[in-house]
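One structure below.
Residue numbers (the numbering used here): 1028 to 1100.
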């Protein structure tokens, strides 16, 4: 039986950008792209970033990123 290879869910991680040191960002894996797409928001804590992912605003932003990625293919 083959494993279904799907995309990982969006996730929050510590920002690597030195200008926003100490904040968290949300990354959204998109098809046909090696690196995940970064959401243009910064969060004070990982918990607030993860709660944003599941909020209506977050779900809309993630859906827009996925729609953009699908249109680019």
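Each residue gets a CB set at the ideal place from its N, CA and C atoms; glycine is no exception.
These numbers were taken from a predicted model, which means no experiment stands behind them.
A direct Cα-Cα distance of roughly 8 Å separates residue 1097 from residue 1058. Taking the CA atoms as reference points, residue 1029 sits about 17 Å from residue 1035. For residue 1085, the number of other beta carbons within 10 angstroms of its own is at least 16, and it is reported as buried. Around the beta-carbon of residue 1074, fewer than 16 other beta-carbon atoms lie within 10 Å, marking it exposed. When DSSP states are grouped into helix, strand and coil, residue 1065 belongs to the strand group. Sixteen is the threshold: when 16 or more other Cβ atoms of the shown chains lie within 10 Å of the Cβ of residue 1055, as they do, the residue is buried. One Cα belongs to residue 1082, the other to residue 1041, and the distance between them is close to 20 Å.
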